[in-house]
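Residue numbers (the working numbering), protein chains in the order written: chain S, -6 to 255; chain V, 44 to 121.
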């Protein structure tokens, strides 16, 4: 409301939008090194350092770092790996799940970590690449388990009438090949994009209202900044949750392919 | 506080019940998207080629019906 009013006065406030997420730093065009590329490389460096430091000197009574690393690893290994994929096959997928979880978690948290302040996953290419890895893995697992033809046969539920087999088969096929990986990527992208946009709007808009607004608008600016703080806390929750959900779904998809029948 | 019985520990090689339930919920959601998408898309293409305009809505509704049927068939009828 206040932004609309400001825009009507011919002020210079620019509402944040999609363009704010495209920030090439070196070069331009498709091969530019963007802020997101720098952030993800930073995240890999930080994670490698943290995990190596956390597992360097392993002791029976763990240090703080070792305890934190072990807790995060335990959460993914037992909560997502063993409980979902089943204790028979889960171990070989734990490295993938753990890597995804910590990578997404840190990159999401970068949205609110000062100086960095950019969620990598708000650029669709990053979640799409991760979803592609999950896609390749769960289909490869399915092919290995059931054989090429057998895998396609296994997606039709048993006991279906002949007339419905082809439409249902197509539906299952599109669900497995398209809907599930695409929604996996879009869910993470959408949450990170929208959440960060909201923060930019509340904090940037609040600052503008406070500094350039007249009279009552300054009070609105304080309100907007207050909301910005509340949303920041809320976003941290969303960021952790989305990292968890992505890993949970990756585990569920793999579990479906590993299971005898899905 | 009511005491819930502890969930039975799955045997090795067995997928736990909670997994199946969570998987069903997410799959049902994916079906509901896929049905209208696939058959609505097919309807749109056919409309495009045949010069008609009724196949897109028919495809969306039919696809939705098929999705709901499939969810019922898979998870509700057994």
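In this text, a Cβ means the ideal position worked out from N, Cα and C, and glycines have one as well.
Are the beta-carbon atoms belonging to residue 168 of chain S and residue 73 of chain V less than 8 Å from one another? Reading the first chain from its first residue, position 175 is the one you call residue 168 of chain S. Reading the second chain from its first residue, position 30 is the one you call residue 73 of chain V. Going by C-beta atoms, residue 168 of chain S is nearer than 8 Å to residue 73 of chain V.
Buried or exposed for residue 244 of chain S, please, with buried defined as at least 16 other CB atoms from any protein chain shown within 10 angstroms of its CB. Along the first chain, one-based indexing puts residue 244 of chain S at 251. By the 10 Å Cβ count, residue 244 of chain S comes out buried.
Looking at the C-beta of residue 78 of chain V, does it have a partner C-beta in chain S at a distance below 8 Å? Your numbering for residue 78 of chain V matches position 35 in the second chain. So yes, residue 78 of chain V belongs to the interface.
Find out if the Cβ-Cβ distance for the pair residue 97 of chain S, residue 187 of chain S is shorter than 8 Å. Residue mapping note: residue 97 of chain S aligns to position 104 of the first chain, counting from 1. Residue mapping note: residue 187 of chain S aligns to position 194 of the first chain, counting from 1. Going by C-beta atoms, residue 97 of chain S is not nearer than 8 Å to residue 187 of chain S.
Helix, strand or coil: which one does DSSP assign to residue 225 of chain S? Here the question's residue 225 of chain S lines up with position 232 in the first chain. Helix.
Where are the alpha helix (DSSP H) runs, 4 residues long or more, that stay fully inside the segment 151 to 224 of chain S, in chain order? 155 to 167, 173 to 205
Figure out for me which residue from S:5, S:100, S:242, S:56 has the closest Cα to the Cα of residue 174 of chain S. One-based indexing of the first chain puts residue 174 of chain S at position 181. Ranking the options by Cα distance to residue 174 of chain S, first place goes to S:242.
Buried/exposed call for residue 75 of chain S, threshold 16 Cβ in 10 Å: Counting from 1 along the first chain, the entry for residue 75 of chain S is found at position 82. Buried is the call here.
Let me know the secondary structure DSSP gives residue 117 of chain S once reduced to three states. Sequence index remark: in the first chain, residue 117 of chain S carries index 124 (1-based). Residue state, collapsed to three classes: coil.
Distance, residue 90 of chain S Cα to residue 71 of chain S Cα: Position 78 of the first chain, counted from the start, is the residue given in the question as residue 71 of chain S. Position 97 of the first chain, counted from the start, is the residue given in the question as residue 90 of chain S. Going from the Cα of residue 71 of chain S to the Cα of residue 90 of chain S covers about 11 Å.
Between the CA atoms of residue 115 of chain V and residue 0 of chain S - distance to the nearest angstrom: Position 7 of the first chain, counted from the start, is the residue given in the question as residue 0 of chain S. Position 72 of the second chain, counted from the start, is the residue given in the question as residue 115 of chain V. Because residue 0 of chain S sits at a pLDDT of 49, beneath the cut-off of 50, its placement in the model cannot be relied upon, and the following sentence gives the value as read from the coordinates. Looking at the two C-alpha atoms, the distance is approximately 52 Å.
Compute the Euclidean distance between the alpha carbons of residue 15 of chain S and residue 27 of chain S, then round it to the nearest angstrom. Along the first chain, one-based indexing puts residue 15 of chain S at 22. Along the first chain, one-based indexing puts residue 27 of chain S at 34. Rounded to the nearest angstrom, the two C-alpha atoms are 7 Å apart.
Relative to the alpha-carbon of residue 149 of chain S, which residue among V:120, V:119, V:113 has its alpha-carbon at the smallest distance? In the first chain, the residue the question calls residue 149 of chain S occupies position 156. Among V:120, V:119, V:113, the Cα nearest to that of residue 149 of chain S is on V:113.
By how many angstroms is the C-alpha of residue 108 of chain S removed from the C-alpha of residue 128 of chain S? By 1-based counting over the first chain, the position of residue 128 of chain S is 135. By 1-based counting over the first chain, the position of residue 108 of chain S is 115. One C-alpha to the other measures close to 34 Å.
My output table needs one value for residue 19 of chain S: the three-state DSSP class, helix, strand or coil. As a working mapping, residue 19 of chain S is identified with position 26 in the first chain. Strand.
Residue 177 of chain S beta carbon less than 8 Å from that of residue 124 of chain S: Locating residue 124 of chain S in the first chain gives position 131, counting from the first residue. Locating residue 177 of chain S in the first chain gives position 184, counting from the first residue. Yes.
Would you list the one or two residues that DSSP bridges to residue 27 of chain S? Start at 1 with the first residue of the first chain, and residue 27 of chain S comes out as number 34. Its beta-bridge partners are S:17.
Do residue 249 of chain S and residue 66 of chain V have their C-beta atoms within less than 8 Å of each other? Locating residue 249 of chain S in the first chain gives position 256, counting from the first residue. Locating residue 66 of chain V in the second chain gives position 23, counting from the first residue. Going by C-beta atoms, residue 249 of chain S is nearer than 8 Å to residue 66 of chain V.
Under 7 Å from the C-beta of residue 249 of chain S: neighbouring residues of chain V: Looking up residue 249 of chain S in the first chain gives position 256. Those are 66, listed as they occur along chain V.
When the Cβ atoms of the segment 219 to 235 of chain S are set against those of the segment 182 to 198 of chain S, are three or more pairs found closer than 8 Å? yes
Roughly how many angstroms separate the alpha carbons of residue 36 of chain S and residue 99 of chain S, rounded to a whole number? Start at 1 with the first residue of the first chain, and residue 36 of chain S comes out as number 43. Start at 1 with the first residue of the first chain, and residue 99 of chain S comes out as number 106. Approximately 7 Å, taken between the alpha carbons.
Residue range of the alpha helix (DSSP H) that residue 102 of chain S falls in? Taking the first chain and counting its residues from 1, one reaches residue 102 of chain S at position 109. First-last of the alpha helix (DSSP H) with residue 102 of chain S: 87 to 102.
Residue 251 of chain S versus S:147, S:182, S:196, S:62, residue with shortest Cα-Cα distance: Translated into positions along the first chain, residue 251 of chain S becomes position 258. It is S:147 whose Cα lies nearest to the Cα of residue 251 of chain S.
Neighbouring residues, chain S, relative to residue 116 of chain V (Cβ below 9 Å): As a working mapping, residue 116 of chain V is identified with position 73 in the second chain. Within 9 Å Cβ-Cβ: 150, 152, 153, 157, 161.
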